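Heads up: the sequence shown runs through residues 55 to 445, numbered per our numbering.
Here is the structure we will look at.
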Amino acid sequence: MIYDFDTVIDRTKSSSVKWSFRKERTGVPDILPMWIADMDFVCAPEIVDALKERVAFPIYGYTERTPGYYNGLINWMSKRHGWNGIKKEWILFTPGVVAGFNFAVQAYSHPGDKIIIQPPCYYPFFDAIVNNGRRIVENPLKVVDGSYVMDYEDLERKIDGRTRMIILCSPHNPVGRVWKRGELEKLVEVCEKKDIVILSDEIHNDLIIGDMKHVPTATISEEAMQRTVTLVATSKTFNLAGLTNSNVVIPDKRLREEFQNVVENNRTKNTNIFGIVAQEAAYAKGEPWLEVLLTYLRGNYQYLKEYLATKLPQLKLYPLEGTYLPWIDCSALGMNDKDLSEFMLKKAKLWLDDGILFGYGGSMFMRLNIACPRSILREALERLEKAISES
Ligand SMILES: Cc1ncc(COP(=O)(O)O)c(C=O)c1O
Numbered sequence: 055m056i057y058d059f060d061t062v063i064d065r066t067k068s069s070s071v072k073w074s075f076r077k078e079r080t081g082v083p084d085i086l087p088m089w090i091a092d093m094d095f096v097c098a099p100e101i102v103d104a105l106k107e108r109v110a111f112p113i114y115g116y117t118e119r120t121p122g123y124y125n126g127l128i129n130w131m132s133k134r135h136g137w138n139g140i141k142k143e144w145i146l147f148t149p150g151v152v153a154g155f156n157f158a159v160q161a162y163s164h165p166g167d168k169i170i171i172q173p174p175c176y177y178p179f180f181d182a183i184v185n186n187g188r189r190i191v192e193n194p195l196k197v198v199d200g201s202y203v204m205d206y207e208d209l210e211r212k213i214d215g216r217t218r219m220i221i222l223c224s225p226h227n228p229v230g231r232v233w234k235r236g237e238l239e240k241l242v243e244v245c246e247k248k249d250i251v252i253l254s255d256e257i258h259n260d261l262i263i264g265d266m267k268h269v270p271t272a273t274i275s276e277e278a279m280q281r282t283v284t285l286v287a288t289s290k291t292f293n294l295a296g297l298t299n300s301n302v303v304i305p306d307k308r309l310r311e312e313f314q315n316v317v318e319n320n321r322t323k324n325t326n327i328f329g330i331v332a333q334e335a336a337y338a339k340g341e342p343w344l345e346v347l348l349t350y351l352r353g354n355y356q357y358l359k360e361y362l363a364t365k366l367p368q369l370k371l372y373p374l375e376g377t378y379l380p381w382i383d384c385s386a387l388g389m390n391d392k393d394l395s396e397f398m399l400k401k402a403k404l405w406l407d408d409g410i411l412f413g414y415g416g417s418m419f420m421r422l423n424i425a426c427p428r429s430i431l432r433e434a435l436e437r438l439e440k441a442i443s444e445s
């Protein structure tokens, strides 16, 4: 099967958060949206066929997951990520990964407790902690030899008797790191010593751009398995975010029961029927599509890298090991964050995510979504080059 990632598809009439409200949200009707993490590619035909078949049966009532759903997830985690032996009863569900980490905050801490994050990081992590009345403790990533690394000494120092959990992003959005086994081992060691829960958001686990493998945190050791709550979904991998279905894998019985209590209390046990159907099809039949997607994304990253190196060398691109969201240091443009944001919106007509949104360490950065046809990426880079040359 030939999959097409080059065709530009008009999404403006589909109530797309990314494309349909550009004028209302930015004031610039023809702005190129390259912010929110969804892809401008049509879904794998194997998933579309499964959805069509389900839509054709016109009763959409409460729906249970089939053995095929569970086996699909279990086999995928084993085959692609080396996590063998996941049991069906370890798998719980939430309507999205953001809901999942909000529930985890509620399940494993009390108001006033402390939760650690590693900024710059995905901004809903901050909201999940603050909106639930918990306290944020920042363990910022450090840049060493041009690459982001974790600061274990700082982490250990900051964990006290009120600290309950760390929210780990693996692979990391927005810095694009795919954590190595050794790095995760050190993290687990600190979390074990200090006895805190590890919430591992692995939504980007399949989107590996560099020559490396994603390591699920739970596979580091038996101890890691017993203190890790893992969030996984097909929403980023297969571009199904609108179908709001995700999985929470919790091997430890007590942690699982605490999480399930929150799910029951919020009455969110039933997620979207089409999300369930799509995930089952994606894990059963979507792998060939994913391989072609990854080749295309690697090509886009290479194109971006070469373009910046030759035409805009003042912008510093960090190595993109995972995700499709390169992280670019724009400090050489000599603006403050507000002016940089305005410049991208009004002068370059590019709707990116301002680095400052991701907290400490994000100032003067921009996050660019390259999951689009290469012609759109080229257009974006040409707009940027023109705006910079005229400024
Ligand atoms: C790290 C991370 N977690 C969660 C999400 C969103 O998850 P969902 O749409 O399933 O709530 C994103 C989306 O970009 C993300 O980058």
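Just so it is clear, CB atoms sit at the ideal spot from N, CA and C, and this is done for glycine as well.
For clarity, every value in this text was computed on a predicted model and none was experimentally measured.
Discussion item. Can you find the residues in the same chain that come closer than 8 angstroms, C-beta to C-beta, to residue 252, ignoring five residues on each side of it along the sequence?
Written reply: 219, 220, 222, 241, 242, 245, 271, 278, 281, 282, 283
Worksheet item: Which whole runs of the beta strand (DSSP E) in the segment 157-195 are 3 residues long or more, in chain order?
Response: 168-171, 189-192
Worksheet item: My guess is that residue 181 and residue 194 are in contact by the Cβ rule of under 8 angstroms, so how many angstroms apart are they, rounded?
Response: About 18 angstroms separates the two Cβ atoms, so there is no contact after all.
Worksheet item: In or out: residue 56 buried (at least 16 other Cβ within 10 Å) or exposed?
Response: exposed
Practice prompt. Tell me where the alpha helix (DSSP H) around residue 313 begins and ends.
Written response: 307-319
Discussion item. Quick test of your reading: residue 287 and residue 101, contact by CB under 8 angstroms. State the CB separation rounded to the nearest angstrom.
Written reply: That belief does not hold up - the Cβ atoms of residue 287 and residue 101 are roughly 14 angstroms apart, past 8 angstroms.
Worksheet item: What are the start and end residues of the beta strand (DSSP E) that includes residue 26?
Response: Because the chain here runs from 55 to 445, residue 26 falls outside it and cannot be looked at.
Item to complete: Let me know the secondary structure DSSP gives residue 262 once reduced to three states.
Response: strand
Worksheet item: What is the rounded straight-line gap between the Cα of residue 210 and the Cα of residue 250?
Response: 11 angstroms
Practice prompt. List the DSSP bridge partners of residue 421.
Written response: 381, 407
Worksheet item: CA-CA distance, residue 297 and residue 207?
Response: 40 angstroms
Fill in: Residues sharing a beta bridge with residue 371, DSSP
382
Worksheet item: Thinking just about the alpha-carbon of each residue, which of 431, 149, 334, 413 is nearest to the one in residue 292?
Response: 334
Worksheet item: Under a three-way DSSP split, which group does residue 92 fall into?
Response: coil
Worksheet item: How about residue 176: is its Cβ closer than 7 angstroms to a heavy atom in ligand 1?
Response: yes
Worksheet item: Taking just the CA atoms, how far does residue 424 sit from residue 357?
Response: 10 angstroms
Discussion item. Any heavy atom of ligand 1 inside 7 angstroms of the beta-carbon of residue 257?
Written reply: yes
Worksheet entry | Burial state of residue 464, where buried means 16 or more other Cβ atoms lie within 10 Å | Look at the range of the chain in this structure, 55 to 445, and you will see that residue 464 is not part of it.
Worksheet item: What is the rounded straight-line gap between the Cα of residue 321 and the Cα of residue 157?
Response: 12 angstroms
Discussion item. Looking at the strands, I want to know which residues DSSP matches up with residue 80.
Written reply: Answer is none; residue 80 lacks a bridge partner.
Discussion item. For ligand 2, I want to know if residue 227 counts as a neighbour, meaning its beta carbon is within less than 7 angstroms of at least one of the ligand's heavy atoms.
Written reply: Ligand 2 is not among the ligands present in this structure, which contains only ligand 1.
Discussion item. Here's a check: name, in chain order, each residue in its chain whose Cβ is nearer than 7 angstroms to the Cβ of residue 384, leaving out the five neighbours to either side.
Written reply: 369, 394, 418, 419, 420
Worksheet item: Looking at residue 300 and ligand 1, is the gap between the Cβ and the nearest heavy atom below 7 angstroms?
Response: yes
Discussion item. With three or more C-beta pairs closer than 8 angstroms as the rule, is the segment 70-87 touching the segment 394-414?
Written reply: yes
Worksheet entry | Under the three-state DSSP convention, the category residue 129 falls into | helix
Item to complete: Quick one: measure Cβ to Cβ for residue 217 and residue 168, integer angstroms, because I've assumed they're closer than 8 angstroms.
Response: 4 angstroms
Discussion item. Using a Cβ-based criterion (distance less than 7 angstroms to any ligand heavy atom), does residue 316 qualify as near ligand 1?
Written reply: no
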